[in-house]
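Residue numbers (this note's numbering), protein chains in the order written: chain A, 49 to 185; chain B, 602 to 789.
Note that beta-carbon positions come from the ideal geometry of N, C-alpha and C, so glycine has one too.
Have a look at the structure below before the remarks.
Dropping the structure here:
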C-alpha cells in the first residue's frame, strides 16, 4: 500500500502535463520560437513554488513523512557533462518535443508512435552507460 | 475563466508541477523522470555489459510507480478531461501555425502531436521512424550525460538553487534553439 501515494502523485503529474499541453510537440516548438509565454510561465511558476517549498523544508520546520529532517543533496560540481549533455538533450527535445516524463505520459494517453521515441531513449541511455568512462565529465 | 476541459493556464499547471516535486521530497524521494530510463535498462540486463547499470533497481520501484501513475494520468486527461465541444485546446500563436505550414507540419486543431510525426501513415515512413529514434537517442543519452532532464534539473535543481542545474538548463535551451531554428527546417 505504501506505493499508492507514488501512483497518485504520478497520476497528478500525468494529468497536469497533458492538460497544460507541456506534452505537446507544438508547445515545445512555440516555446523555442518565443511565440508564447505559456511554457515559460509553467516552468517559472513551478520553480518559484519549488524554491519557496524547499526553503521551508530546509529550515527544518517540516519533517518528511518518516519524521526525519529533509536533506537534499547538492549536485556534483562540474561543467562539461552538464553543458554538453544538456545540449544533446536540447537537440532531441527540439526535434521530437518530448522530454522523458512526456514520453511515458503520451504512451499512456494512447500515442503508440511515441513508443519509437521510448525505444530510442533506452538505446541512448544504454550508449551513455557504455561510453561513460571515455567521456569528459 | 478556468475550464477544466480546455488548456490549463500556466499558473495553475506550474503550481501543480511544483507541488508534485515537493510531495516527492516530502515522501523522502526526489523528482526525476529520466533516471527511470536507466532503471529500465538495468531491468533488461544492461548490467551485463556496463557497470553503470549494476545497481539495485528494486530501490527505484517507487519511481517506476510514479511513471505508471503518469501514464494513467495521461490516459485520464485525454479520455475524461478533454472535450472539444466544451473548450478549445492547443491554441497556438497564429505565427507558429504559419511557420509550421511552411515545414509541411499539420496544424494542431486540438491535437497534442502532429500527424506528420506519429500518425499511422507517418510511422510507415522510414525517414519519420529515423527522426523519432534519433530524437529518442539524443534525449536518452543527453539526459544521462547531464544527470537529469526537465524534472531533475529545470524544476528540482533550479528550485534548490543548484549551479550545475542552471548550466544544464542553459544547455537544454541552446540545443533546443539550434534544433528548432536551424536544423528543423533542413530535416522537414
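Subject >> Neighbouring residues, chain A, relative to residue 658 of chain B (Cβ below 8 Å) >> reply: Near residue 658 of chain B there are no residues of chain A at all, since even the closest Cβ is about 13 Å away, more than 8 Å.
Original post:
Going by DSSP, which residues form a beta bridge with residue 117 of chain A?
Top reply: A:111
Original post:
Around the C-beta of residue 184 of chain A, are 16 or more other C-beta atoms found within 10 angstroms, so that it is buried, or is it exposed?
Top reply: exposed
Original post:
Along the stretch 703-718 of chain B, what residues have a CB closer than 7 Å to any CB found in chain A?
Top reply: 709, 713, 714, 715 and 718
Original post:
Quick one: does residue 115 of chain A have its CB under 8 Å from some CB of chain B?
Top reply: no
Original post:
Beta carbon of residue 671 of chain B, beta carbon of residue 58 of chain A: below 8 Å?
Top reply: yes
Subject >> Partner residues on chain A for residue 628 of chain B, Cβ-Cβ distance less than 9 Å >> reply: 53, 54, 57, 112, 113 and 114
**OP:** Please check if any C-beta of chain A sits within less than 8 Å of the C-beta of residue 618 of chain B.
**Re:** yes
Original post:
chain B beta carbons: is any one of them nearer than 8 Å to that of residue 140 of chain A?
Top reply: yes
Subject >> Boundaries (first-last residue) of the alpha helix (DSSP H) holding residue 785 of chain B >> reply: Per DSSP, residue 785 of chain B belongs to the alpha helix (DSSP H) from 785-788.
Subject >> Minimum Cβ-Cβ distance from residue 779 of chain B to chain A less than 8 Å >> reply: Taking Cβ atoms only, chain A reaches closer than 8 Å to residue 779 of chain B, which makes this a yes.
Original post:
Which runs of the alpha helix (DSSP H), 4 residues or longer, sit entirely within the stretch 640-699 of chain B?
Top reply: With a minimum length of 4 residues, the continuous alpha helix (DSSP H) runs that stay inside the stretch 640-699 of chain B are 662-681.
Original post:
Pairing CB atoms from the stretch 706-716 of chain B with CB atoms from the stretch 70-81 of chain A, are three or more of them under 8 Å?
Top reply: yes
Subject >> Close-in-space but distant-in-sequence residues of the same chain around residue 144 of chain A (CB under 6 Å, 5 per side omitted) >> reply: 165
Subject >> residue 134 of chain A versus residue 603 of chain B - alpha carbon distance >> reply: Cα to Cα, the separation comes out at about 34 Å.
Subject >> Nearest residue (CA-CA) to residue 675 of chain B, options A:50, A:49, A:55 and A:172 >> reply: A:55
Original post:
Beta-carbon of residue 654 of chain B versus every beta-carbon of chain A: anything under 8 Å?
Top reply: yes
Subject >> DSSP state of residue 78 of chain A mapped onto helix, strand, coil >> reply: helix
**OP:** State the Cα-Cα distance for the pair residue 89 of chain A and residue 82 of chain A, rounded to the nearest angstrom.
**Re:** 12 Å
Original post:
Taking 7 Å as the cut-off, is the CB of residue 179 of chain A close to at least one heavy atom of the ligand SAM?
Top reply: In the structure shown, the ligand SAM is absent, as is every other ligand, since no ligand is present at all.
**OP:** Using a Cβ cut-off of 9 Å, pull out every chain B residue sitting near residue 182 of chain A, in sequence order please.
**Re:** In chain order: nothing, as chain B lies at least about 12 Å away.
**OP:** State the Cα-Cα distance for the pair residue 775 of chain B and residue 649 of chain B, rounded to the nearest angstrom.
**Re:** 35 Å
**OP:** Give me the Cα-Cα distance between residue 91 of chain A and residue 657 of chain B, rounded to the nearest whole angstrom.
**Re:** Straight-line Cα distance between these residues: approximately 32 Å.
**OP:** Check each candidate in A:66, A:49 and A:50 and name the one with the smallest Cα separation from residue 146 of chain A.
**Re:** A:66
Subject >> alpha helix (DSSP H) segments (min. 4 residues) lying fully within the stretch 696-746 of chain B >> reply: Those alpha helix (DSSP H) runs which fall completely within the stretch 696-746 of chain B and span 4+ residues are 716-719.
**OP:** Verify the CB distance criterion: does residue 688 of chain B have a CB-CB separation below 8 Å to chain A?
**Re:** no
**OP:** Say whether chain B places a C-beta atom closer than 8 Å to the C-beta of residue 92 of chain A.
**Re:** yes
Original post:
Got a sec: is the Cβ-Cβ distance from residue 748 of chain B to anything in chain A below 8 Å?
Top reply: yes
Subject >> Delimiting residues of the alpha helix (DSSP H) encompassing residue 630 of chain B >> reply: It is not in any alpha helix (DSSP H) - residue 630 of chain B carries neither H nor E in the DSSP assignment.
**OP:** Establish whether the CB of residue 603 of chain B and some CB of chain A are separated by less than 8 Å.
**Re:** no
**OP:** Report the residue ranges of all alpha helix (DSSP H) runs contained in full by the stretch 123-174 of chain A; include only those spanning at least 4 residues, in chain order.
**Re:** With a minimum length of 4 residues, the unbroken runs of alpha helix (DSSP H) contained wholly in the stretch 123-174 of chain A fall at 128-144 and 148-156.
Original post:
Listing by chain order, which chain A residues have their CB less than 8 Å from the CB of residue 730 of chain B?
Top reply: 164
Subject >> C-beta neighbour in chain A for residue 775 of chain B, strict 8 Å >> reply: yes
Original post:
Counting along the chain, where does the alpha helix (DSSP H) carrying residue 103 of chain A start and finish?
Top reply: Counting along the chain, the alpha helix (DSSP H) containing residue 103 of chain A begins and ends at 86-106.
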